[in-house]
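Novice: For the sequence shown, this note's numbering assigns the number 93 to the initial residue and increments by one for each residue that follows.
Every residue, glycine too, gets a C-beta built ideally from N, C-alpha and C.
Attaching a single structure in structure tokens format; questions to follow.
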Amino acid sequence: MHFSVLHQYLLPKQALTRFAGRVANNDDGRFTPQIIRWFVRKYGVDMQEAQDPDLRSYHSFNAFFTRALRPDARPLADAGFVSPVDGTVSQLGSIEHDQIFQAKGHRYSTTALVGGDSALAARFDHGEFATLYLSPRDYHRIHMPCDARLMRMIYVPGALFSVNPGTARGVPGLFARNERVVCVFASAFGPFVLVLVGATIVGSMQTTWHGVVNPSRSGKVQEWRYEDQQIGFKKGEEMGRFLLGSTVVMLFPRGVMRFNPDWNAGRAIRMGEPMGDKL
93 MHFSVLHQYL LPKQALTRFA GRVANNDDGR FTPQIIRWFV RKYGVDMQEA QDPDLRSYHS
153 FNAFFTRALR PDARPLADAG FVSPVDGTVS QLGSIEHDQI FQAKGHRYST TALVGGDSAL
213 AARFDHGEFA TLYLSPRDYH RIHMPCDARL MRMIYVPGAL FSVNPGTARG VPGLFARNER
273 VVCVFASAFG PFVLVLVGAT IVGSMQTTWH GVVNPSRSGK VQEWRYEDQQ IGFKKGEEMG
333 RFLLGSTVVM LFPRGVMRFN PDWNAGRAIR MGEPMGDKL
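Structural data, given as structure tokens:
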């Protein structure tokens with residue numbers, strides 16, 4: 093095992109993440125402008141896309157990190173499904189029965205990913221999946237790939253390994269081990285799942301209907317049901333955000349969609365571009 097992965101088993105990841113969350117939410121302003129300027133330079137963040145390009149206007153690092161973009165910065169493609177995020181395609185393709193490909197030599201089950209609900213997982217047997225990685229420089233709001241209605245949300249506690257490509261190659265079942273928020277939607281073609289996966293120093297995950305989902309990190313699976321509510325979303329509408337970056341995993345049923353043939357592992361993507369078409 094490479095040292096870059098091995099040392100993550102030894103790090104106090106929960107403590108580091110709590111500390112990073114406090115720093116990122118700090119509103120006192122003494123160091124925030126310097127931290128933001130350093131971050132923009134280090135990662136080459138394009139602030140001309142931001143709705144507010146003035147770095148001095150952000151009261152905390154998280155306010156900067158989850159900044160809105162200009163309304164014209166991410167036009168929606170005329171496609172059945174659009175990319176929900178800016179980032180990089182980590183992996184995508186067919187689910188082999190219930191197994192999702194993570195990296196060479198590593199697979200994990202849909203049941204493990206959704207927190208142990210085998211009935212929910214079975215709806216995606218032989219379906220399609222996409223794993224999308226958001227790097228520090230990326231826009232960190234998450235949008236809807238298609239029109240849909242929210243049905244359930246499940247918070248699954250877990251580890252906080254990094255989710256960068258190197259760690260994905262080295263940690264078995266990474267995306268089913270890390271803390272995550274499983275969002276279950278109903279659409280015109282059937283159900284789909286959008287999973288927000290946490291990582292080291294990801295302060296928290298947030299949805300538009302609930303707010304911050306994991307503030308206490310209680311260690312217990314928690315579930316919210318929305319079947320009796322009409323919480324609907326249009327394609328391209330914001331549904332959540334990462335307070336510091338991470339990964340999104342999506343599951344689709346069999347025979348529903350065909351991925352954009354230009355999408356492959358390692359491809360850079362932008363929110364709103366064609367992800368696939370309905371079959």
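If we call anything under 8 Å between Cβ atoms a contact, is R122 one with R233?
Specialist: no
Novice: Taking the straight line between their C-alpha atoms, what separation do you get for Q143 and G303?
Specialist: 22 Å
Novice: What's the C-alpha gap between L252 and K370?
Specialist: 35 Å
Novice: Enumerate in chain order the residues of its own chain whose CB-to-CB distance from N356 is below 6 Å, with the five nearest sequence positions on each side excluded.
Specialist: none
Novice: If you reduce the DSSP assignment to three classes, tell me which class K196 lands in.
Specialist: coil
Novice: Straight-line CA distance for G208 to I246?
Specialist: 10 Å
Novice: Would you list, in sequence order, the uninterrupted beta strand (DSSP E) runs of no fewer than 3 residues that lie entirely inside the stretch 144–205?
Specialist: 179–186, 191–195 and 198–201
Novice: Hey, is the stretch 337–349 in contact with the stretch 204–223, meaning 3+ C-beta pairs nearer than 8 Å?
Specialist: yes
Novice: Going by C-alpha to C-alpha distance, which of D239, P163, Q314 and L147 sits closest to R129?
Specialist: L147
Novice: What are the boundary residues of the beta strand (DSSP E) that I127 is part of?
Specialist: Counting along the chain, I127 falls outside any beta strand (DSSP E), though it belongs to the alpha helix (DSSP H) covering T124 to Y135.
Novice: Using the three-state DSSP reduction, which class does R261 fall into: helix, strand or coil?
Specialist: Helix, per DSSP.
Novice: Within a Cβ cutoff of 6 Å, which residues of the same chain sit near V276, ignoring the five residues on either side of it in sequence?
Specialist: These residues qualify, in order along the chain: M243, R244 and V285.
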